[in-house]
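What follows is a set of notes on a single structure, which appears directly below.
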Amino acid sequence: MAEGAQTPGACVIEANPDVTGIGIRASIYTLCLASGILKTIIQLTTSEKNYTEFCQAINSALQLQGLALLCTAVYQTFKGQLTLFHAICVLHLLSLLGFGLVAQRRYQGGGLKRWLVMAALRVIIACAFTALTAYIWVTAPTFGNQPDCNASTVYVVFGVSIRATNDVFRYVILALMASMTVGWVLSMVMYVVLAHCCCGGVRSGMKWARQVNPDVEALKKVIGRIKVSDPRFKQNLISGQVVQLLIQTGINVYMIVTLEQIVKRNNLSEEEKEWTFGQVLAIFVLLGVVVEVINILLPKLDGDLEGVPMQNEIELRPQGNAGGRRLL
1 MAEGAQTPGA CVIEANPDVT GIGIRASIYT LCLASGILKT IIQLTTSEKN YTEFCQAINS
61 ALQLQGLALL CTAVYQTFKG QLTLFHAICV LHLLSLLGFG LVAQRRYQGG GLKRWLVMAA
121 LRVIIACAFT ALTAYIWVTA PTFGNQPDCN ASTVYVVFGV SIRATNDVFR YVILALMASM
181 TVGWVLSMVM YVVLAHCCCG GVRSGMKWAR QVNPDVEALK KVIGRIKVSD PRFKQNLISG
241 QVVQLLIQTG INVYMIVTLE QIVKRNNLSE EEKEWTFGQV LAIFVLLGVV VEVINILLPK
301 LDGDLEGVPM QNEIELRPQG NAGGRRLL
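Heads up: the sequence shown begins at 1 in this note's numbering, then just goes up one per residue.
The following block contains the structure:
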């Protein structure tokens, strides 16, 4: 199929560079591809605490950018400023990024109130995404501010061009989305029921144990400080991380190539290539990830010892001797 941009006389889709501009796409592609690679490198070269905090920072950057993109799409949809092409591109980008609210650090404390607030926010965000997705595909023939261009808007699946207004294609997507929504709701209900039935008994048992024997809490703290180090475990960890990295990177590459095919096969205005403030801001989001990497990896050049346990941490290493294996 010839590219939409080269089709003479076709409907020209209005530019919206703050949604699918080059800078926006480049920022998202870089974050998605680099996140898996950097997580693997950080996990194998630094402490578990640094790795956990780095993952929190990366996930926060990805999901907050996804949430910003989702809010922009919802706002422009209500205002009638979003075309069908840009809407399906937003859905595609959100499948790469994810979306939500993730703190950059794991803070101490917690409790039911904080969990309920965060759970409520996640449900609201998920409902907004589900409603937007359903609205886009249900109203695809007349969606947006350029309904005359919808019939020629192209979506790509495994390299094959499909009209975004094709009824069979839309019904399949809606059916898949409905099944995933039902599965998610059922899993949440089961989780709440199990948590209510099981966690209440566990909490009561732990409270009784602490009252009967205060040494239980002290023993729990000591056990939490123990770290077992085994070379075989590290080798298995590396193998698992490499396999997971290859799978994740392969999926991301497919999603990126597909989106670029969608962009190339639709007839877009030349203004889509222009750089705007939103695109420059998206590029600068990458600096936050760069700073995190610098703060973790540069201390290695200052002579930090590899494998030294963190403060208040007890490390147990299995060693062989004439009598067998023992823990030191």
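In this text, a Cβ means the ideal position worked out from N, Cα and C, and glycines have one as well.
Within its own chain, the residues whose Cβ lies closer than 7 Å to the Cβ of T181, once the five positions on either side in sequence are excluded, are T130, listed in chain order. Between the stretch 238-249 and the stretch 13-23, the count of Cβ pairs shorter than 8 Å is below three; the stretches do not touch.
With a cut-off of 8 Å on Cβ pairs, the stretch 134-147 is in contact with the stretch 87-99, counting three or more such pairs.
Annotated as distal: A164 and V156, with beta-carbon spacing of 8 Å or more. In terms of Cβ geometry, L245 and I42 do not form a close pair [threshold 8 Å]. If you ignore the 5 residues before and after T30, its C-beta comes within less than 7 Å of the C-beta of L286, all in its own chain and listed in chain order.
I247 counts as exposed, since fewer than 16 other beta carbons sit within 10 angstroms of its beta carbon. According to the DSSP assignment, S161 belongs to the beta strand (DSSP E) that extends over 160-163.
Apart from sequence neighbours up to five positions away, the residues of its chain that approach N50 with a beta-carbon distance below 6 Å are I296, ordered along the chain.
Beta-bridge analysis with DSSP links Y155 to I162. Contact between N150 and Q81 does not hold, since their C-beta atoms are separated by about 15 Å, which reaches or exceeds 8 Å. In the DSSP assignment, K273 falls outside any alpha helix (DSSP H), carrying neither H nor E.
Here E292 is buried: its Cβ has 16 or more other Cβ atoms, across all protein chains shown, within 10 Å. With distances taken between CA atoms, T142 lies nearest to T77 out of A73, T77, A61.
Of the candidates V289, L281, E271, E271 places its Cα closest to the Cα of E14. By a beta-carbon distance limit of 8 Å, A61 contacts V289. Their separation comes to about 6 Å. Contact annotation: F99 and L70 have beta-carbon atoms nearer than 8 Å. Here the alpha carbons of S47 and I125 stand approximately 33 Å from one another. Taking F284 as reference, the option from C11, I28, V12, N16 with the minimal CA-CA separation is I28. L94 is not a Cβ neighbour of C32, given a cutoff of 8 Å. Apart from sequence neighbours up to five positions away, the residues of its chain that approach C11 with a beta-carbon distance below 6 Å are D148, C149, S152, ordered along the chain. Looking from the CA of I294, the closest CA among K79, F54, C127, L174 belongs to F54. Distance between M118 and L64, taken at the CA atoms: about 14 Å.
For the 8 Å CB-CB criterion, Q261 and P17 do not form a contact. 8 Å or more divides the Cβ of H92 from the Cβ of L281.
Per DSSP, the unbroken alpha helix (DSSP H) holding A73 starts and ends at 48-79. With 16 or more other Cβ atoms from the protein chains shown falling within 10 Å of its own Cβ, L268 counts as buried. According to the DSSP assignment, Q43 belongs to the alpha helix (DSSP H) that extends over 22-45.
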